[in-house]
Amino acid sequence: MVEMSIPHLFRCPISLDLFIDPVTLCTGQTYDRCSIQKWLEDGNLTCPVTMQPLHDTTLVPNHTLRHLIEQWVLKGPDPNHQLKQPSPGRNSVPTNDMEWSLTTLKCLLQSESATSDAKIEVLKKVRNLSIESDVGRACLIQLGFFPLLLELIFQSPTAFLLCNQELLELSLDCLLTLSPSSHLDSLDKVLTKDPNFASLVLFLGKGNAKIKISLCYLLETIAMSESIEALTIKIGQSPCVMQSLVSILDTKTDLLVSDACVRAINGLCHPMVNRENAIKEGAMHSLVKYLLNTSTTKNASPKALAALDCLLELEIGKKNIAKLRDNNLIKVLVKHIFVVSSENEGSEYAASILLTMCRDSSWARGKAAHAGVVTQLLFLIQSQCNSRAKTKARALLMLLRSKFRRCDQKM
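Residue numbers (numbering that gives the first Met the number 0): 0 to 410.
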């Protein structure tokens with residue numbers, strides 16, 4: 000990310016941050032609306048800069064300064080950068096940088112008559128602006144681009160977007176750059192509506208790889224937010240959503256897609272009420288296949304282990320894992336307990352899963368011992384892992400010691 004040095008005249012004298020909504024007092028001094036309103040609400044009746052008494056506290060929008068700031072933000076760190084221009088016509092992208100403004104970008108995205116090419120060019124500009132500077136992202140968020148993008152994605156005709164997947168792909172890409180975790184209310188408001196929810200399901204099933212990755216990351220953001228748990232439950236209880244995620248994971252066409260899908264499934268399995276549906280739709284078997292086909296260093300492996308551990312809290316989950324009797328799964332879990340030169344994020348879950356499997360299965364205990372589980376557990380206990388992982392490791396060691404001692408006594 001390239002940081003831009005904010006010109007002195009574009010900084011609020013109170014907050015020293017970039018003006019977002021500049022307003023002018025009767026003294027002629029300009030401040031950011033949020034900062035000056037707080038100053039006045041605290042009982043101050045003077046101008047912060049000049050200390051003149053205020054005979055009038057009216058805040059007048061400084062449109063000229065705001066326009067200059069927008070031009071500066073849009074110009075970015077590379078003043079020579081030019082967009083590829085679409086063919087001219089009504090509702091086309093402006094033909095030079097001086098015609099650009101954030102308002103223009105917003106109007107083009109809102110326009111029903113703007114061409115797909117024009118909207119694609121606007122989205123590229125929005126994405127670059129959001130990625131290249133924190134200032135640009137803050138301005139886009141302040142001007143309401145997040146709810147606008149949500150509307151574009153989930154309230155446009157689905158057939159149109161599926162025929163213009165680059166438009167959908169860029170819209171989701173932009174959405175994810177604008178801090179979706181800070182817009183949970185907007186996500187909740189849009190996706191609780193059945194037609195918009197149906198669009199989500201359709202895009203998960205028929206979107207290209209990049210669209211699926213973005214949607215999975217969006218689902219993970221929603222699922223990890225307690226404030227909109229009702230929406231997480233709605234999504235997790237939907238057979239169509241879980242079927243789509245399982246199908247994506249089973250396809251194995253792209254590792255990045257699989258990793259994103261695992262993260263979404265893990266998030267959706269956090270609420271207890273979603274777990275039975277996840278098992279019913281085949282999530283457990285898909286997670287096992289994922290673990291068997293990826294190395295211990297892959298980013299989403301700890302998430303897959305975490306999701307599997309969640310599902311094993313249900314009796315139906317325990318029965319399903321017991322039926323597998325997969326020697327390779329035992330070996331993979333043992334490997335995940337301790338990995339040299341890694342943070343061992345999945346160790347806690349791997350130990351917990353093996354603990355569940357070994358409690359009632361002499362077969363699992365034997366295979367785990369043969370795979371070197373005791374050595375792995377000892378390495379883990381001596382490492383810098385978290386206390387939960389060590390607790391699970393000690394519990395598994397005690398279980399194995401107890402079970403094997405009984406076997407020796409019988410012999």
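The C-beta atom is built at its ideal place from N, Cα and C for all residues, glycine as well.
Enclosing alpha helix (DSSP H) for residue i [first to last residue]
i: residue 258; result: 254-267
i: residue 302; result: 300-310
i: residue 315; result: 314-323
i: residue 236; result: 228-236
i: residue 282; result: 282-291
i: residue 109; result: 101-109
i: residue 113; result: Neither: residue 113 is in no alpha helix (DSSP H) and is coded neither H nor E.
i: residue 276; result: 271-279
Which of helix, strand or coil DSSP assigns to residue i
i: residue 17; result: strand
i: residue 194; result: helix
i: residue 82; result: Low per-residue confidence applies at residue 82: pLDDT is 35, beneath 50, and the placement is therefore not dependable enough to give any value.
i: residue 146; result: helix
i: residue 52; result: strand
i: residue 338; result: coil
i: residue 358; result: helix
i: residue 394; result: helix
i: residue 60; result: strand
i: residue 374; result: helix
i: residue 179; result: helix
i: residue 223; result: coil
i: residue 40; result: helix
i: residue 251; result: coil
i: residue 400; result: helix
i: residue 170; result: helix
i: residue 383; result: coil
i: residue 204; result: helix
i: residue 5; result: coil
i: residue 155; result: coil
i: residue 344; result: coil
i: residue 163; result: coil
Residues that DSSP places opposite residue i in a beta bridge
i: residue 216; result: DSSP output for residue 216 lists no bridge partner at all.
i: residue 10; result: 17
i: residue 125; result: Paired residue(s): none; residue 125 is not in a bridge.
i: residue 436; result: Any property of residue 436 remains undetermined from this structure, which presents the chain solely from 0 to 410.
i: residue 45; result: 52
Test item: CB-CB of residue i and residue j under 8 Å
i: residue 333; j: residue 375; result: yes
i: residue 47; j: residue 19; result: no
i: residue 161; j: residue 205; result: yes
i: residue 218; j: residue 266; result: yes
i: residue 176; j: residue 129; result: yes
i: residue 277; j: residue 310; result: yes
i: residue 372; j: residue 354; result: no
i: residue 286; j: residue 264; result: yes
i: residue 253; j: residue 208; result: yes
i: residue 147; j: residue 68; result: no
i: residue 149; j: residue 174; result: yes
i: residue 347; j: residue 387; result: yes
i: residue 231; j: residue 247; result: no
i: residue 418; j: residue 104; result: Since the displayed the chain opens at 0 and closes at 410, residue 418 lies outside it and no answer follows.
i: residue 53; j: residue 15; result: no
i: residue 210; j: residue 164; result: yes
i: residue 384; j: residue 343; result: yes
i: residue 300; j: residue 313; result: no
i: residue 367; j: residue 329; result: yes
i: residue 49; j: residue 26; result: yes
i: residue 298; j: residue 258; result: yes
i: residue 306; j: residue 268; result: yes
Span of the beta strand (DSSP E), counted from its first residue to its last, around residue i
i: residue 474; result: Since the first and last residues shown for the chain are 0 and 410, residue 474 lies out of range.
i: residue 31; result: 29-31
Identity of the residue in the options nearest residue i by Cα
i: residue 189; options: 233, 207 and 209; result: 233
i: residue 398; options: 363, 126 and 243; result: 363
i: residue 102; options: 132, 143 and 133; result: 143
i: residue 178; options: 216, 168, 194 and 318; result: 216
i: residue 154; options: 109, 359, 268 and 62; result: 109
i: residue 365; options: 324, 337 and 351; result: 324
i: residue 141; options: 26, 151, 318 and 21; result: 21
i: residue 184; options: 225, 391 and 317; result: 225
i: residue 336; options: 370, 318 and 359; result: 370
i: residue 156; options: 111, 357 and 51; result: 111
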